[in-house]
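Notes follow once the structure below has been shown.
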Amino acid sequence: MYQSQKKSKEALPHYQEALEYTEISRGEKSLECVPILKELAGVERALGVHDASINHFLQAHHIVLSRNPSQEEAAVSAHLVARAAVASGGIEHHDVAKQYFQESMANLKDAEGMGKAKFLSIQDDYCHFLQVTGQKERAISILRESLEAKVAVFGDLSPEVAETYRLLGGADLAQGNQSGAHKKLKKGDFIFLLSVTFL
Numbered sequence: 009m010y011q012s013q014k015k016s017k018e019a020l021p022h023y024q025e026a027l028e029y030t031e032i033s034r035g036e037k038s039l040e041c042v043p044i045l046k047e048l049a050g051v052e053r054a055l056g057v058h059d060a061s062i063n064h065f066l067q068a069h070h071i072v073l074s075r076n077p078s079q080e081e082a083a084v085s086a087h088l089v090a091r092a093a094v095a096s097g098g099i100e101h102h103d104v105a106k107q108y109f110q111e112s113m114a115n116l117k118d119a120e121g122m123g124k125a126k127f128l129s130i131q132d133d134y135c136h137f138l139q140v141t142g143q144k145e146r147a148i149s150i151l152r153e154s155l156e157a158k159v160a161v162f163g164d165l166s167p168e169v170a171e172t173y174r175l176l177g178g179a180d181l182a183q184g185n186q187s188g189a190h191k192k193l194k195k196g197d198f199i200f201l202l203s204v205t206f207l
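Letter by letter, the sequence shown follows residues 9 to 207 of our numbering.
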């Protein structure tokens, strides 16, 4: 057994006990349960117990929503549920992933500043999910639409913009557009090299 799995297996009963104690002493809907639920869900995900992980992230999300969170807090919480569903690798969790990605993005759609950066990051995760589930055209369409916003938020020479160019170049290559693919891949690599050089 890998060391991290061993540590996760050892941590699991401690998180379960902490959750049980907090639910008894503070109530099942207590905000104090949220960090414990998230940690427990993370351990379960590491151990491959995906249904329990998703359920605990959902439980934490519902508690967060019951407390009138900011749009960013609600978005981050929904994003955790979506990522847990994707991590399961199971087709049976695709609907959950899609629902919570969309909920997360809806909360940040009109955000500015750091909220806009968070939206674009979540949108990239959603595009990766779409690609994994065979919806490459939709993912590429979203990535193309997001490029201008990424340049505005992160800057021309950011790793986020470089990655988008690389993904778009890969899509062009898959569609047989070698000229477009070459330009985008070259631009993505150039931006990446510049961003690494000046860090």
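The C-beta atom is built at its ideal place from N, Cα and C for all residues, glycine as well.
Going residue by residue through the region 30-54, where are the continuous beta strand (DSSP E) segments of at least 3 residues, counting only ones entirely within it? When DSSP assignments are scanned along the region 30-54, no uninterrupted stretch of beta strand (DSSP E) that is 3 or more residues long falls wholly within it.
Whether S85 touches H102 by CB criterion (8 Å): No, they are not a contact pair.
For D197, name the three-state secondary structure that DSSP assigns. Residue state for D197 is assigned as helix, using DSSP reduced to three classes.
Less than 8 Å between the beta carbons of L55 and L27, yes or no? No.
As assigned by DSSP and simplified to three states, the class of S74: S74 falls in the coil class under three-state DSSP.
Considering only the alpha carbon of each residue, which of L165, P167, D180 lies closest to R152? Of L165, P167, D180, the residue nearest in Cα terms is D180.
Quick check: the region 153-168 against the region 183-197, are there 3 or more CB pairs under 8 Å? In short, these stretches do not touch, since the Cβ pair count stays below three.
Beta-carbon contacts of A147 that lie in its chain and below 7 Å, excluding the five residues immediately before and after: Taken in chain order, the residues that qualify are C135, L138, Q139.
Nearest to G50 by CA position, among M113, S96, A160, V161, is which residue? When only C-alpha atoms are compared, the closest one is S96.
Find out if the Cβ-Cβ distance for the pair F65, K37 is shorter than 8 Å. Annotated as distal: F65 and K37, with beta-carbon spacing of 8 Å or more.
Between which residues of its own chain and A60 is the CB-CB distance below 7 Å, once the five residues before and five after are set aside? A distance below 7 Å between beta-carbons, with the five flanking residues on each side excluded, links A60 to the following residues of its chain, in chain order: E52.
What's the call for G1, buried or exposed, on a 16-neighbour Cβ count within 10 Å? Residue 1 lies beyond the stretch modelled for the chain, which goes from 9 to 207, so this question has no answer here.
Going by C-alpha distance, which of A160, K191, S187 is nearest Y173? Among A160, K191, S187, the Cα nearest to that of Y173 belongs to K191.
Keeping to the same chain, check which residues put their C-beta closer than 7 Å to that of A105; ignore five residues upstream and five downstream. Taken in chain order, the residues that qualify are A90, A93, V94, F137.
Rounded to whole angstroms, what's the CA-CA distance from E145 to L175? Just pull it up for me. Their backbone Cα atoms lie some 12 Å apart in a straight line.
Contact check, S112 vs P167, beta carbons under 8 Å: The criterion of a C-beta distance shorter than 8 Å is not satisfied by S112 and P167.
Going by beta-carbon coordinates alone, are A189 and K126 separated by less than 8 Å? No, they are not a contact pair.
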